[in-house]
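Notes follow once the structure below has been shown.
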Amino acid sequence: MGALEVLVPSDAEPPAGHPASVVLVLGGAGFIGRHVVAALRARGLQVIVGSRRPHRRLRRHGFADLPGREAHLERLLDADDWRTLVEGCDVVVNCVGILRERGRETYDRVHHRAPAALAAACAARGLRLIHVSALGLEEPAHSRFLRSKHDGEAALRASGADWHIVRPSLLDGEGGFGARWIRRVARWPVHPLPPGASGRIAMLDVGDLGEAIANLALDAAPPVREHELGGLHVRTLGGHLAAIRALHAPAPARRLRIPDTLARLVAHVCDLFHVTPFSYGHWELLQRDNCPRENRLPALLGRAPRTIGVPAPAANATPEGFPIAPRTLS
Ligand SMILES: NC(=O)c1ccc[n+]([C@@H]2O[C@H](COP(=O)([O-])OP(=O)(O)OC[C@H]3O[C@@H](n4cnc5c(N)ncnc54)[C@H](OP(=O)(O)O)[C@@H]3O)[C@@H](O)[C@H]2O)c1
Numbered sequence: 328m329g330a331l332e333v334l335v336p337s338d339a340e341p342p343a344g345h346p347a348s349v350v351l352v353l354g355g356a357g358f359i360g361r362h363v364v365a366a367l368r369a370r371g372l373q374v375i376v377g378s379r380r381p382h383r384r385l386r387r388h389g390f391a392d393l394p395g396r397e398a399h400l401e402r403l404l405d406a407d408d409w410r411t412l413v414e415g416c417d418v419v420v421n422c423v424g425i426l427r428e429r430g431r432e433t434y435d436r437v438h439h440r441a442p443a444a445l446a447a448a449c450a451a452r453g454l455r456l457i458h459v460s461a462l463g464l465e466e467p468a469h470s471r472f473l474r475s476k477h478d479g480e481a482a483l484r485a486s487g488a489d490w491h492i493v494r495p496s497l498l499d500g501e502g503g504f505g506a507r508w509i510r511r512v513a514r515w516p517v518h519p520l521p522p523g524a525s526g527r528i529a530m531l532d533v534g535d536l537g538e539a540i541a542n543l544a545l546d547a548a549p550p551v552r553e554h555e556l557g558g559l560h561v562r563t564l565g566g567h568l569a570a571i572r573a574l575h576a577p578a579p580a581r582r583l584r585i586p587d588t589l590a591r592l593v594a595h596v597c598d599l600f601h602v603t604p605f606s607y608g609h610w611e612l613l614q615r616d617n618c619p620r621e622n623r624l625p626a627l628l629g630r631a632p633r634t635i636g637v638p639a640p641a642a643n644a645t646p647e648g649f650p651i652a653p654r655t656l657s
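Numbering-wise (our numbering), the sequence shown opens with residue 328 and increments by one.
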């Protein structure tokens with residue numbers, strides 16, 4: 328446990344009758360977590376950030392005025408281990424995830440056993456738990472990364488807590504490891520693409536995700552517990568790369584077809600050396616659709632999601648407000 332424990336409310340007032348007043352955001356200094364923290368603060372909620380290194384991470388991301396609590400999920404495997412961490416909170420948002428295992432930080436501990444213990448702790452105290460997961464987990468997977476996330480979801484469902492699972496498609500935004508790579512590769516004059524990467528992706532804006540999760544924390548009675556979220560445009564990875572490139576470069580990139588076996592090999596090499604966000608789990612995900620079955624994002628936002636890879640004048644809402652049905656593009 329650590330850090331500053333003074334709660335600093337923002338100027339905004341949360342709506343009356345909502346279940347949340349103090350929200351613990353685990354992984355609150357990460358890509359998704361930072362946007363959740365900002366959206367919660369903008370709605371007048373008191374936020375505590377959970378991090379392995381709260382002092383350093385809060386300073387780095389401009390949250391130095393927020394209280395932080397030290398949390399190492401690989402050490403929090405029993406409900407009782409969570410007692411002091413969740414103390415004084417009404418809602419816990421779990422934005423923790425690892426791309427690769429390091430020592431005791433295994434997929435099973437971080438994505439499955441710790442969230443299971445957290446859910447038990449929330450159930451015992453009547454706290455709401457919002458868990459950020461991923462799309463595409465229901466199909467059988469070889470990747471232990473994907474299987475651990477699937478098992479984490481199953482543990483939540485069995486917990487008896489006021490649980491909510493949020494499954495975003497791929498995210499775009501400043502500062503994300505994967506998002507940075509996609510933007511970088513999009514600028515290349517050649518896009519290496521395996522034919523197997525044919526799954527459709529509904530890329531969404533990470534700021535929209537933060538707002539959607541904050542609204543879910545405030546919703547007294549959400550109509551469903553599982554929230555699949557995506558942006559307005561559904562494209563393959565190649566289509567997204569082309570759309571993002573078109574924002575910056577007049578000429579389209581040349582598509583270089585690489586064999587699926589080579590893509591799979593590259594994914595394993597990246598996992599072995601902990602380089603790039605391309606992992607074996609992501610190779611599996613690219614081969615299946617990564618789109619919400621029912622997109623809950625417009626309902627959670629109360630507006631149309633931001634568009635990705637569309638020039639500003641053509642962007643976003645119709646006068647009626649909601650171009651909700653996703654459009655499938657190249
Ligand atoms: N990015 C996407 O496009 C995307 C899309 C769908 C789903 N997701 C899922 O969303 C989750 C978060 O993704 P992200 O992009 O925000 O990742 P991220 O930027 O890497 O953030 C993850 C956070 O988890 C925390 N963390 C890692 N290991 C931990 C541990 N052992 N104990 C406690 N905290 C730990 C880290 O916080 P500290 O370093 O401060 O400890 C880190 O900031 C992941 O599960 C990911 O699979 C992401």
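Virtual Cβ for every residue (Gly too), placed ideally from N, Cα, C.
C-alpha gap between residue i and residue j, whole angstroms
i: Thr-563; j: Arg-452; result: 43 Å
i: Asp-405; j: Leu-445; result: 8 Å
i: Pro-521; j: Gly-430; result: 32 Å
i: Pro-638; j: Ile-492; result: 32 Å
i: Leu-361; j: Ser-525; result: Going by the sequence as given, residue 361 is Arg instead of Leu. Whole-angstrom Cα-Cα distance: 31 Å.
i: Gly-629; j: Asn-542; result: 9 Å
i: Val-533; j: Phe-390; result: 18 Å
i: Leu-403; j: Ala-441; result: 5 Å
i: Asp-587; j: Ala-369; result: 45 Å
i: Arg-379; j: Asp-535; result: 25 Å
i: Ala-546; j: Ala-482; result: Checking the sequence, you will find Asp at residue 546 rather than Ala. Computed Cα separation, rounded: 23 Å.
i: Arg-581; j: Tyr-434; result: 37 Å
i: Asp-489; j: Cys-449; result: 8 Å
i: Asp-407; j: His-575; result: 51 Å
i: Leu-589; j: Glu-428; result: 23 Å
i: Gly-354; j: Val-517; result: 35 Å
i: Asp-478; j: Pro-467; result: 12 Å
i: Ser-606; j: Gly-557; result: 21 Å
i: Ile-375; j: Arg-396; result: 7 Å
i: Gly-648; j: Arg-623; result: Residue confidence for Gly-648 is low, a pLDDT of 34 falling below 50, so the modelled location carries little weight; the figure read from the coordinates is stated next. If you take the alpha carbons of Gly-648 and Arg-623, they lie about 16 Å apart.
i: Gly-636; j: Gly-503; result: 16 Å
i: Leu-456; j: Gly-565; result: 35 Å
i: Val-349; j: Cys-416; result: 5 Å
i: His-551; j: Val-423; result: The question names His, yet the displayed sequence has Val at residue 551. Answer to the nearest angstrom: the Cα atoms are 22 Å apart.
i: Leu-385; j: Val-352; result: 12 Å
i: Arg-383; j: Ala-578; result: 42 Å
i: Val-413; j: Leu-454; result: 9 Å
i: Ala-443; j: His-399; result: 14 Å
Own chain partners of residue i with C-beta closer than 7 Å, once the 5 adjacent residues on each side are dropped
i: Lys-476; result: His-438, Ser-460, Ala-461, Leu-464
i: Val-519; result: Checking the sequence shown, residue 519 turns out to be Pro, not Val. Counting only Cβ-Cβ distances below 7 Å, and skipping sequence neighbours, we find Leu-583, Ile-585.
i: Glu-538; result: Ala-366, Leu-628
i: Arg-615; result: Gly-463, Glu-466, Gly-526
i: Arg-474; result: Ala-468
i: Thr-603; result: Trp-508, Cys-597
i: Leu-426; result: Pro-604, Ser-606
i: Ala-735; result: Any property of residue 735 remains undetermined from this structure, which presents the chain solely from 328 to 657.
i: Phe-472; result: Tyr-434, Ser-606, Gly-608
i: Glu-611; result: Ala-468, His-469, Ser-470, Leu-473
Residue range of the alpha helix (DSSP H) that includes residue i
i: Arg-361; result: 358–369
i: His-458; result: From DSSP, His-458 is part of no alpha helix (DSSP H) but of the beta strand (DSSP E) over 455–459.
i: Val-593; result: 587–600
i: Val-413; result: 410–413
i: Cys-449; result: 441–452
Per DSSP, the bridge partner or partners of residue i
i: Pro-495; result: Leu-556
i: Gly-377; result: Leu-353, Arg-396
i: Thr-603; result: Answer by DSSP bridge pairing: none, since Thr-603 is not bridged.
i: Arg-429; result: Glu-432
i: Ile-528; result: Arg-562, Asn-617
i: Val-551; result: None; Val-551 has no bridge partner.
Run of the beta strand (DSSP E) containing residue i, from where it starts to where it stops
i: Gly-395; result: 395–397
i: Leu-583; result: 581–584
i: Asn-542; result: Looking at the DSSP string, Asn-542 is not in any beta strand (DSSP E); the run it does join, the alpha helix (DSSP H), is 533–545.
i: Asn-622; result: Looking at the DSSP string, Asn-622 is not in any beta strand (DSSP E), and its letter there is neither H nor E.
i: Val-418; result: 418–421
Contacts around residue i, its chain only, beta-carbon distance under 6 Å, and the 5 residues preceding and following it disregarded
i: Arg-633; result: Asp-532, Asp-535
i: Arg-436; result: Glu-401
i: Asn-617; result: Leu-462, Gly-463, Ser-496, Gly-526, Ile-528
i: Gly-523; result: Asp-587, Gln-614
Ligand 3 heavy atom lying under 7 Å from the CB of residue i
i: Ala-481; result: Ligand 3 is not part of this structure, which contains only ligand 1.
Own chain partners of residue i with C-beta closer than 8 Å, once the 5 adjacent residues on each side are dropped
i: Arg-498; result: The question names Arg, but residue 498 in the sequence shown is Leu. Cβ within range, chain order: Phe-358, Ile-359, Gly-505, Ala-506, Met-530, Leu-531, Asp-532, Val-533, Leu-536.
i: Arg-410; result: Ala-448
i: Glu-480; result: His-458, Ser-460, Leu-464, Ile-492
i: Glu-553; result: His-491, Ile-492, Arg-494
i: Arg-387; result: Ala-356
Below-8 Å beta-carbon distance, residue i vs any chain D residue
i: Val-551; result: Looking at the structure shown, chain D is missing, and only one protein chain is on hand.
Open item on the list: Which runs of the beta strand (DSSP E) at least 3 residues long sit entirely within the segment 478–524? Give them in chain order.
Closed with: 489–495, 517–520
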